[in-house]
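Worksheet: one structure, shown below.
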Amino acid sequence: MPAIRKKKEIGARFNVLGYKEEDRHIAHCLEIDLVAEGKTPEEARDNLADLIFSYLRFGMEQDIEQFIPHPAPKIYWD
């Protein structure tokens, strides 16, 4: 019989720095130092949301504490 896993929904807010580099839009999550890009700001943000979810899920499934948190360098916060 497979193990039963309880799902728990959590709410989290992250600071995201958005900027344009050449013809790409960049979204940088400062709390965990992840970066995604897209053709539009919305696409970059959506790609970053997917990346954050995958990153956190992997860290929790593998019980790897060093994955969470890993903030961006201070220069990005200023």
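The numbers in UniProt numbering rise by one with no breaks, and the one at position 55 of the sequence shown is 55. Positions of the beta carbon are idealized from the N, C-alpha and C atoms, including for glycine.
Can you tell me whether DSSP reads A36 as helix, strand or coil? In the three-state reduction of the DSSP assignment, A36 falls in the strand class.
According to DSSP, is L56 part of a helix, a strand, or is it coil? Of the three classes helix, strand and coil, the one that applies to L56 here is helix, per DSSP.
For E31, I'd like the list of residues in its chain whose CB is within less than 8 Å of its CB, leaving aside the five on either flank, ordered along the chain. Cβ contact annotation for E31 (same chain, cutoff 8 Å, sequence separation greater than five): F14, N15, P69, P71 and A72, in chain order.
What does a CB cutoff of less than 8 Å around I52 pick up in its chain, not counting 5 residues either side in sequence? Cβ contact annotation for I52 (same chain, cutoff 8 Å, sequence separation greater than five): F14, C29, I32 and L34, in chain order.
Need the endpoints of the beta strand (DSSP E) that A27 sits in, please. Following the DSSP letters along the chain, one finds A27 inside the beta strand (DSSP E) bounded by residues R24 to C29.
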